[in-house]
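Asks: Residue numbers (my numbering), protein chains in the order written: chain H, -17 to 96; chain A, 409 to 520.
Idealized CB from N, CA, C, for every residue including glycine.
Nothing here was measured: the structure is a model prediction, and the numbers come from that model.
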């Protein structure tokens, strides 16, 4: 079955430290991949997406993600965490033939402490 | 401003009392979808619609109904809510030719 796995439901980093949020998917055909962010009491906002162009994708707020086909991964990184990055992050995938349907990972809550 | 709106944002109700959560988008998008968000499960699709009068089940459709009589509106109907439908609900929309979905602010529903 097609699935998306986010490793770590909670991640805590210090302000200024590297942020690494992991996402793996199950598919033999490279899908379209997305990262969304959800701030408290808000809807989901698109951070970035991979649609078979460059494997390193840059998004908003200094985030980027690298698509690695051999590892079926799409990990999200940011070199230096800011307090305002504290939120829940969702990896989502649109598999081939899924026509707009997104399958979401369980989410990773990022905490940033001083 | 381009947006997806949902009403109400918060709702507390009792088992069996029919309710409707409205969703409206002003971007002329063909595709609309409803998701529920539960801790540890991420977002799961309830129903989706490819255009007016075209709807189909998602992954967790039991206990829900939808309709798409106008392009901009996609209401979610719970005819007889039960406590296991207590959740955070999101509506989303997108053009058919892109993959980027735009999400509403969410509706937090509690069924007692």
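For a contact defined as C-beta to C-beta under 8 Å, what are the partners of residue 76 of chain H on chain A?
Replies: 507
Asks: Determine the chain A residues that contact residue 31 of chain H at a beta-carbon separation under 8 Å, and present them in chain order.
Replies: Within 8 Å Cβ-Cβ: 507 and 508.
Asks: In angstroms with no decimal places, state the Cα-to-Cα distance between residue 518 of chain A and residue 494 of chain A.
Replies: 5 Å
Asks: Would you mind giving the Cβ-Cβ distance between residue 498 of chain A and residue 26 of chain H, rounded to the nearest angstrom? I have them listed as a contact below 8 Å.
Replies: 7 Å
Asks: Is residue 7 of chain H close to chain A, meaning its C-beta is less than 8 Å from at least one C-beta of that chain?
Replies: no
Asks: Please name the residues in the segment 30 to 62 of chain H whose beta-carbon is closer than 9 Å to at least one beta-carbon of chain A, in chain order.
Replies: 31 and 33
Asks: Show which residues of chain H have a CB atom less than 9 Å away from the CB atom of residue 483 of chain A.
Replies: What residue 483 of chain A touches in chain H: nothing, since even the nearest Cβ is about 17 Å away.
Asks: Which term fits residue 437 of chain A, buried or exposed, when burial requires 16 or more other beta carbons within 10 angstroms of its beta carbon?
Replies: buried
Asks: Mind checking whether residue 460 of chain A and residue 473 of chain A have CB atoms under 8 Å apart?
Replies: no
Asks: Should residue 96 of chain H be listed as close to the ligand FMN, given that the test is whether its C-beta is under 7 Å from any heavy atom?
Replies: Of the ligands one can find in the structure shown there are none, so the ligand FMN has no counterpart to examine.
Asks: Is it the case that the Cβ atoms of residue 496 of chain A and residue 452 of chain A are separated by a distance below 8 Å?
Replies: no
Asks: Pull up the distance between the alpha-carbon of residue 512 of chain A and that of residue 84 of chain H, whole angstroms please.
Replies: 15 Å
Asks: Less than 6 Å between C-beta atoms, sequence neighbours within five positions excluded: which residues of the same chain meet that for residue 426 of chain A?
Replies: 487
Asks: With residue 489 of chain A and residue 424 of chain A assumed to form a contact (beta carbons below 8 Å), what rounded beta-carbon distance in angstroms separates them?
Replies: 7 Å
Asks: CB residue 447 of chain A to CB residue 515 of chain A, shorter than 8 Å?
Replies: no
Asks: With burial defined as no fewer than 16 other Cβ atoms inside 10 Å of the residue's Cβ, what is the status of residue 90 of chain H: buried or exposed?
Replies: buried
Asks: When burial is assigned at 16 or more other CB atoms within 10 Å of the CB, is residue 42 of chain H buried or exposed?
Replies: exposed
Asks: Whole angstroms is fine: what's the gap from residue 9 of chain H's alpha carbon to residue 82 of chain H's?
Replies: 17 Å
Asks: Would you list the residues sitting across from residue 440 of chain A in a DSSP beta bridge?
Replies: A:457 and A:501
Asks: Does chain H have any CB closer than 8 Å to the CB of residue 493 of chain A?
Replies: So no, residue 493 of chain A is outside the interface.
Asks: Find the nearest neighbour of residue 45 of chain H within the set H:35, H:34, H:29 and H:56, judged by alpha-carbon distance.
Replies: Nearest C-alpha to residue 45 of chain H: H:29.
Asks: Can you give me the C-alpha to C-alpha distance between residue 508 of chain A and residue 96 of chain H, rounded to a whole angstrom?
Replies: Straight-line Cα distance between these residues: approximately 34 Å.
Asks: Apart from the five residues on each side of it in sequence, which residues of its chain come closer than 8 Å, Cβ to Cβ, to residue -9 of chain H?
Replies: Only 88, 89, 90 and 91 meet the Cβ criterion.
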